[in-house]
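Asks:
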Amino acid sequence: MLFHQKEVIIRQAQITDAQSIQSIYRPYILNTNFNLESEVPTLEATAKKIENLSKKYPFIVAEYKDTVIGFAYLSEFYEPFLSHTGLLSIYTAENCPVKGVGHELYTVIEFLLSQTSTEYIISTIVADNHRSLRFHEKEGFETMLTFPKLAQKAGKLIDVIWMRKAIKAASPIIQYQPLQLDFERDNLITE
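Residue numbering for the sequence shown follows the working numbering, beginning at 2 and increasing consecutively.
Below, the structure is given as structure tokens:
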């Protein structure tokens with residue numbers, strides 16, 4: 002079965018997406034150690050996260066046939082000291098029907114950040130999550146630090162890796178402004 006990228010819409014997350022985002026997030030918490038949370042955030046907490054993060058950082062969703070199949074957002078990384086650096090999170094639905102959704106989400110996040118003073122993106126990855134490590138390497142991230150046995154989940158000690166990508170040279174402070182996103186990737190990027 003073939004899927005065209007034009008069928009995937011990347012848009013700004015809305016509070017009404019909270020249930021879909023929670024459904025995508027849940028298996029990562031309950032079934033893996035790739036996310037270090039042990040409890041699934043409530044619907045209210047998820048809605049509040051969308052609302053709060055969207056004021057300052059990109060929080061986007063990928064939609065396919067009117068169904069949210071992935072999401073990505075940036076959050077603070079030791080603010081205010083590292084205000085030019087954001088912490089990246091990307092999640093796609095289990096059995097996602099479209100290949101490359103994570104890449105599409107990342108491409109839009111980086112595009113949005115290119116219009117701000119953000120210089121670096123950090124991603125925190127569990128060392129056992131080889132798929133995520135490969136994804137980030139492919140997107141141009143470099144391993145900065147490995148913390149052996151830094152975290153614990155379900156009685157298991159877990160190594161955590163910080164990866165970083167420089168996205169542009171230093172520039173004046175420009176705050177992120179939420180955009181009215183409702184476009185297809187092909188309308189955003191020309192090759």
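For each residue, glycine too, the CB sits at the ideal point set by N, CA and C. Being a predicted model, the structure only gives us computed values, none of them experimental.
So is residue 155 buried or exposed if we call it buried at 16+ other beta carbons inside 10 Å?
Replies: Taking all protein chains in view, the Cβ of residue 155 is surrounded by fewer than 16 other Cβ atoms within 10 Å, so the residue is classified as exposed.
Asks: The alpha helix (DSSP H) with residue 109 in it runs from where to where?
Replies: 102 to 114
Asks: Looking only at its chain, what residues have a beta carbon closer than 6 Å to the beta carbon of residue 18, apart from the 5 residues adjacent to it on each side?
Replies: These residues qualify, in order along the chain: 62 and 69.
Asks: Is it a yes or a no for the stretch 44 to 59 touching the stretch 14 to 31, going by three-plus beta-carbon pairs under 8 Å?
Replies: Between the stretch 44 to 59 and the stretch 14 to 31 there are three or more inter-stretch CB-CB distances shorter than 8 Å, so the stretches are counted as touching.
Asks: Evaluate residue 1 with the Cβ neighbour count: other Cβ atoms within 10 Å of its Cβ, from every protein chain shown; 16 or more gives buried, anything less gives exposed.
Replies: Because residue 1 is not part of the residues shown, which for the chain are 2 to 192, the question remains open.
Asks: Which first and last residues belong to the alpha helix (DSSP H) in which residue 58 is found?
Replies: Looking at the DSSP string, residue 58 is not in any alpha helix (DSSP H), and its letter there is neither H nor E.
Asks: Would you say the stretch 98 to 111 touches the stretch 26 to 46, given that touching needs at least three Cβ pairs under 8 Å?
Replies: With the cut-off at 8 Å, the stretch 98 to 111 and the stretch 26 to 46 do not touch.
Asks: Could you name the residues of the same chain whose beta carbon sits closer than 8 Å to that of residue 4, not counting the 5 residues immediately before and after it, in chain order?
Replies: Note that residue 4 scores 35 on pLDDT, short of 50, meaning its location in the model is unreliable and no value can be drawn from it.
Asks: Among the candidates 105, 71 and 32, whose CA atom is the shortest distance from the CA of residue 139?
Replies: Comparing alpha-carbon positions, the option among 105, 71 and 32 lying closest to residue 139 turns out to be 105.
Asks: Please classify residue 1 as buried or exposed, where buried requires at least 16 neighbouring CB atoms within 10 angstroms.
Replies: The first residue shown for the chain is 2 and the last is 192, placing residue 1 beyond what the model contains.
Asks: According to DSSP, what are the bridge partners of residue 164?
Replies: Within the DSSP bridge table, the entry for residue 164 names 124 and 144 as partners.
Asks: Looking at the structure shown, is residue 39 part of a helix, part of a strand, or coil, going by DSSP?
Replies: coil
Asks: Report, in whole angstroms, the separation of the C-beta atoms of residue 114 and residue 87, which I expect to be a contact under 8 Å.
Replies: Distance from residue 114 to residue 87 at the Cβ level is roughly 7 Å; contact confirmed, criterion being Cβ atoms closer than 8 Å.
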